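Encoded as structure tokens, the structure appears first; notes follow it.
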Amino acid sequence: MLVSAKEMLNKAKAGHYAVGQFNINNLEWTKAILLAAEETRSPVILGVSEGAGKYMTGYKTVVGMVNGMLDELNISVPVALHLDHGSYEGCYKCIEAGFSSVMFDGSHYPIEENVEKTKELVAVTRGKGMSIEAEVGSIGGEEDGVVGKGECADPEECKAVADLGITMLAAGIGNIHGKYPDNWEGLSFETLDAIQQLTGDMPLVLHGGTGIPDDMIKKAISLGVAKINVNTECQIAFAEATRKYIEEGKDQQGKGFDPRKLLAPGAEAIKDMVITKIKLFGSDGKADE
Ligand code: 13P
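Each residue of the sequence shown is one higher than the last, beginning at 1 in the UniProt record's numbering.
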């Protein structure tokens, strides 16, 4: 059964580790991530962007697929199904479809409007036992057509939004989606520290997990990050493994063109990547604590 992300993230914050949110794109992605979490006994969050939700034909399909897999694969670790960078309308669609968590990304609204809409969605999600993530200070880069220039959040605004009763807070600290450019200045730990001082126990979310060096990930966790989002790195791992299979001509040997064979190396690469991240974030073994 899907669970809210509240308990797993509160435990992560208190225990100084982070739970990974891995974005899903299709059946192979979902299965690989669930198997990786089960194998490492880690709680996990499946992230679904609005674009990926549309690609998978809609949120109801996603809910049906994930619930079916939890059952058929006998998944016994806590799993949350979470809308990533949701619009106001998107949040309502996911609440209705049976997601267990949503992110309302109101970072592009003036702060008053972000607060207003977040407040409303907090009340609705709370009534359904769901978790909700809010965002302050846009995350840079481009994801599914959503482009943010990346900025450091104002700690006071973070406090105002954290006080609305949200479950977790995404705050821009110089992180961006996708690959980091060569001239990237790194995460602003000064900003993160200031946010954590003002928001106390609130689990903080680090978007744009792809390409952040391991030492920065560990430092971010030590400063209150309890959820880390990874998307692009799994896509690259999948593409590289699939390209290798085709370049080696394996799709032309025997029944190598069978999609179950063609997509298998990519799925295995996603699983390996997720296991590596789970161990880096320190959430392995935490499903049983
Ligand atoms: P990356 O694609 O950079 O890993 O970011 C993922 C993310 O933050 C999803 O919200």
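For every residue, glycine included, the Cβ atom is placed at its ideal position computed from N, Cα and C. Just so we're clear, the structure is a prediction, and the values are computed from it rather than from any experiment.
Between the ligand 13P and the CB of residue 84, the shortest heavy atom gap is smaller than 8 Å. Residue 128 sits in coil when the DSSP states are folded into three classes, being neither helix nor strand. Under the criterion of beta carbons closer than 8 Å, residue 222 and residue 167 do not qualify as touching, at roughly 21 Å. By the neighbour-count definition (other C-beta atoms within 10 Å, threshold 16), residue 99 is a buried residue. With a cut-off of 8 Å, the C-beta of residue 230 is classified as near the ligand 13P, since at least one heavy atom of the ligand falls inside that distance.
Secondary structure within the segment 24 to 100: the alpha helix (DSSP H) runs of 4 or more consecutive residues, fully enclosed, are 27 to 40, 50 to 55, 59 to 72, 88 to 97 (chain order). Selection 32, 212, 156 evaluated against residue 136 yields 156 as nearest (Cα-Cα).
Residue 204 holds the alpha-carbon nearest to the alpha-carbon of residue 220 among 30, 204, 154.
Taking 9 Å as the cut-off, the beta carbon of residue 273 is found closer than this to the beta carbon of residue 237. Inter-segment contact for the segment 109 to 116 and the segment 69 to 86 is absent: fewer than three beta-carbon pairs are separated by less than 8 Å.
Taken atom to atom, the span from the alpha-carbon of residue 88 to that of residue 106 is near 8 Å. Within the same chain, no Cβ atom closer than 6 Å to the Cβ of residue 279 is found once the five residues on either side in sequence are excluded.
Annotation: the continuous beta strand (DSSP E) that includes residue 170 extends over 168 to 171. Shortest gap from the CB of residue 196 to any heavy atom of the ligand 13P: 8 Å or more. If you draw a straight line from the Cα of residue 215 to the Cα of residue 281, it is about 11 Å long.
Between the alpha carbons of residue 35 and residue 90 lies a gap of roughly 28 Å.
Take residue 256, set aside five residues on each side of it, and the residues of its chain with a beta-carbon closer than 6 Å to its own are 250, in chain order. Of the residues assessed, residue 108 falls on the exposed side of the cut-off, its CB having fewer than 16 other CB atoms within 10 angstroms.
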